Every structure is written in C-alpha cells, then in structure tokens.
Amino acid sequence: MRASNAIVAEVLAELRLMVKPGVTTMELEEATNRFCSKKKVRPAFKGYRGYPYALCASVNEQVVHGFPTLRELVQGDIVSIDFGVLHDGYYGDAAVTIPVGTITQEAELLIRTTEESLYIALKKATPQYRLSDLSHAIQSYVESKKFSVVRQFVGHGIGKSLHEEPQIPNFGRPGRGVRLRPGMVLAIEPMVNAGGYEVEILGDGWTAVTKDRRLSAHFEHTVAVTENGCRILSLAA
Ligand code: MF3
Ligand code: CO
C-alpha cells in the first residue's frame with residue numbers, strides 16, 4: 011500500500027507543477043494516463059461504477075467527482091484533484107486542492123483550513139481514539155473557521171478494494187465507532203465548503219457541486235494506523 015500510495019503522491023506532485031492559467035483539466039487527465047502506462051499501474055477510478063476518467067478534477071464550486079474538461083483554467087480558480095491507483099493488488103487514494111495563480115483570500119483560507127483539518131484528524135488516527143473522534147476533530151476545526159463540512163461524502167477504509175469499511179464521515183459526535191487498531195488503513199478526506207454544506211449532483215450523474223455555488227476544497231491522504239500514531243502512505247517516495 012505504501013508503493014501504491016507513493017505513486018499516487020508522485021502523480022499529484024507532477025500535476026501540481028502543471029496547474030496554471032491556460033491549462034485544461036483534460037491535459038492533466040492525459041498526463042496522468044501517460045504516467046500510469048509508463049509506471050504500469052491502473053488508474054483506480056476509471057471504470058469504477060462507470061466513472062469515465064482516471065482523475066476527478068473539481069473546479070471552484072465543484073466539490074468532488076468533477077470530470078476533466080477542455081475549459082482552460084483561469085487565474086483565481088481552485089482545482090481539487092483526486093487520484094487513485096491499483097498496483098500489485100492494493101489501492102492508493104489521495105487528493106489535493108491547488109490554486110491557479112493568485113486566488114482570493116477566502117479561497118486561500120478555505121484551502122488551508124481543509125488541509126489543516128486533515129492533519130488535525132491524522133493526529134487522532136492512533137489506537138487511543140475511536141473513528142468518530144477523527145470526524146469530530148475535522149468538523150470542529152472547520153466550523154471554528156466559519157466554513158462547513160460536506161455530509162454527503164465520506165472517507166473510507168482502503169486496501170484490496172478502493173472502498174472498504176469503515177465509512178469515515180467528516181462530522182459527528184466524538185467517542186463513537188470502532189476503536190482504531192494498528193494495521194488499519196484509512197483514506198481520510200475532508201471536503202469543505204465556503205458556504206453551506208449542501209451539495210447537489212449535476213446532470214452527468216457524477217459532478218457534485220455546492221448548492222449555493224460557493225467554493226469547495228478537498229484533501230485526502232491514505233494512512234496506516236500504527237502502535238503510536240499513523241503513517242501517511244500517500245507521500246512521494
Ligand atoms: N477519493 C474518492 C473516493 O474515495 C474518489 C472516488 S471517485 C470514483 O471515493 F470515481 F472512483 F468514484
Ligand atoms: Co477516497
């Protein structure tokens with residue numbers, strides 16, 4: 011799982027370098043497919059429940075599961091890129107939100123808060139906590155910054171399948187759910203909206219957008235719970 015997730019992280023790092031005004035998310039998709047062929051790994055999302063692309067590229071008010079398109083990114087956009095692979099029987103999964111050129115202060119704060127909420131949850135991904143302690147930590151932090159957490163999508167266990175038990179909501183009361191144990195591998199993925207938490211799905215059947223059309227950000231890491239903390243697997247080698 012370390013190997014699979016390292017590949018995911020490498021791709022996300024490459025894509026971050028490509029993101030700038032004038033680039034299309036379809037170009038990111040093409041680069042990702044080339045990388046997968048070269049590394050002989052399978053993009054995990056393509057074909058998953060009929061999802062048509064290797065990447066999810068969700069721009070601005072798009073929350074998750076945005077399709078790559080031929081629209082050029084413009085300065086001020088934010089783009090959430092979610093990517094997974096299957097390699098040697100095991101899945102990797104991670105996501106980042108990347109600014110396009112100079113963005114508004116609100117967008118900056120949204121991105122920073124979402125990433126920080128992930129790291130706050132990771133501090134609790136250790137055997138002394140229960141699952142919903144992570145959920146609660148994310149929600150409390152995000153709401154302290156006057157943003158909202160998406161309820162309709164959750165993090166998940168991951169391993170020989172992309173989505174395994176348990177589901178990991180990004181909100182909830184602390185002290186519930188399974189106690190974390192060494193060896194559990196979790197994909198933790200806060201999705202944070204600048205406005206209300208409500209989302210809707212566009213006519214393509216996939217793209218989730220904020221109901222109020224304000225911005226949304228998404229970060230995800232796959233981590234392994236250890237005796238005394240957790241190890242982030244989705245970091246470049
Ligand atoms: N990181 C997302 C998830 O864990 C991406 C899934 S996209 C899909 O659900 F296309 F595979 F559904
Ligand atoms: Co995921």
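For the sequence shown, the residue numbers in the working numbering are 11 to 247.
Note that the Cβ used here is the ideal one computed from N, Cα and C, for glycine as well.
From a predicted model like this one, the values you see are computed outputs, not experimental measurements.
Next on the checklist: Beta-carbon within less than 7 Å of D143's beta-carbon, same chain only, minus the 5 sequence neighbours each way: which residues are those?
Outcome noted: In the sequence shown, the residue the question calls residue 143 occupies position 133. Once the five neighbours on either side are set aside, the close Cβ partners of D143 are K134, P184, G185.
Item to check | Per-residue DSSP class, three states only, for Q115 | outcome: As a first step, residue 115 is located in the sequence shown; it is residue number 105 there, counting from the start. In the structure shown, Q115 falls within a helical segment according to DSSP collapsed to helix, strand and coil.
Checklist entry - Cβ of H166 within 8 Å of any heavy atom in the ligand CO? => result Looking up residue 166 in the sequence shown gives position 156. Yes, since a heavy atom of the ligand CO falls inside the 8 Å radius drawn around the Cβ of H166.
Item to check | Nearest residue (CA-CA) to D222, options A234, G205, P109 | outcome: Your numbering for residue 222 matches position 212 in the sequence shown. By alpha-carbon distance to D222, the top candidate from A234, G205, P109 is G205.
Next on the checklist: Using a Cβ-based criterion (distance less than 8 Å to any ligand heavy atom), does A16 qualify as near the ligand MF3?
Outcome noted: For the purposes of this step, residue 16 is taken as residue 6 along the sequence shown, with counting starting at 1. Not one heavy atom of the ligand MF3 is found less than 8 Å from the C-beta of A16.
Checklist entry - Measuring CA to CA, which of Q85, Y100, A105, M11 is closest to E24? => result Walking along the sequence shown from the start, residue 24 turns up at place 14. Distance check between E24 and each of Q85, Y100, A105, M11 places A105 closest, using alpha-carbon atoms only.
Item to check | Among P109, M28, Q138, M11, nearest to V188 - alpha-carbon criterion | outcome: Locating residue 188 in the sequence shown gives position 178, counting from the first residue. In this structure, Q138 is the residue among P109, M28, Q138, M11 with its C-alpha nearest to the C-alpha of V188.
Checklist entry - Is it the case that the CB of A197 approaches a heavy atom of the ligand CO more closely than 8 Å? => result Taking the first residue of the sequence shown as position 1, residue 197 is located at position 187. Because some heavy atom of the ligand CO lies under 8 Å away, the Cβ of A197 counts as near it: yes.
Item to check | Buried or exposed (CB count within 10 angstroms, at least 16 for buried), Y207 | outcome: For this step, residue 207 is matched to residue 197 along the sequence shown. The residue is buried, with at least 16 neighbouring Cβ atoms inside 10 Å.
Next on the checklist: Measuring straight from C-alpha to C-alpha, what distance separates I121 and A227?
Outcome noted: The residue given as residue 121 occupies position 111 in the sequence shown. The residue given as residue 227 occupies position 217 in the sequence shown. Approximately 6 Å, taken between the alpha carbons.
Item to check | Check whether V95 and V51 have beta carbons under 9 Å apart | outcome: Translated into the one-based positions of the sequence shown, residue 95 becomes position 85. Translated into the one-based positions of the sequence shown, residue 51 becomes position 41. For V95 and V51, yes; Cβs fall inside 9 Å.
Checklist entry - Name the DSSP beta bridge partners of H97, please? => result The residue you call residue 97 lines up with position 87 of the sequence shown. Bridge partners of H97: Y100.
Item to check | For V160 and I211, the rounded distance between their alpha carbons | outcome: In the sequence shown, the residue the question calls residue 211 occupies position 201. In the sequence shown, the residue the question calls residue 160 occupies position 150. Each residue's alpha carbon lies about 13 Å from the other.
Item to check | Residues that H166 bridges to, as DSSP identifies them | outcome: Taking the sequence shown and counting its residues from 1, one reaches residue 166 at position 156. Bridge partners of H166: Q177, A197.
Checklist entry - If A16 and A247 are in contact, beta carbons under 8 Å, what's the gap, nearest whole angstrom? => result As a position in the sequence shown, residue 16 is number 6, starting the count at 1. As a position in the sequence shown, residue 247 is number 237, starting the count at 1. With 8 Å as the limit, A16 and A247 qualify as a contact, their Cβ atoms being about 4 Å apart.
Checklist entry - Say the cut is 8 Å; is the CB of A19 nearer than that to a heavy atom of the ligand MF3? => result On the sequence shown, position 9 is the one that residue 19 refers to. Not under cutoff, so the answer is no.
Next on the checklist: Just list the residues that DSSP pairs D87 with in beta bridges.
Outcome noted: For the purposes of this step, residue 87 is taken as residue 77 along the sequence shown, with counting starting at 1. Partner(s): none; D87 has no beta bridge.
Checklist entry - Is the distance from the Cβ of V73 to the Cβ of A218 below 9 Å? => result Your numbering for residue 73 matches position 63 in the sequence shown. Your numbering for residue 218 matches position 208 in the sequence shown. Yes, the Cβ-Cβ distance between V73 and A218 is below 9 Å.
Item to check | DSSP-derived helix/strand/coil call for R140 | outcome: Here the question's residue 140 lines up with position 130 in the sequence shown. Looking at R140 - three-state DSSP - the assignment turns out to be strand.
Next on the checklist: Suppose you measure from the CA of E199 to the CA of R140; what does that come to, to the nearest Å?
Outcome noted: The residue you call residue 199 lines up with position 189 of the sequence shown. The residue you call residue 140 lines up with position 130 of the sequence shown. For E199 and R140, the distance between alpha carbons rounds to 17 Å.
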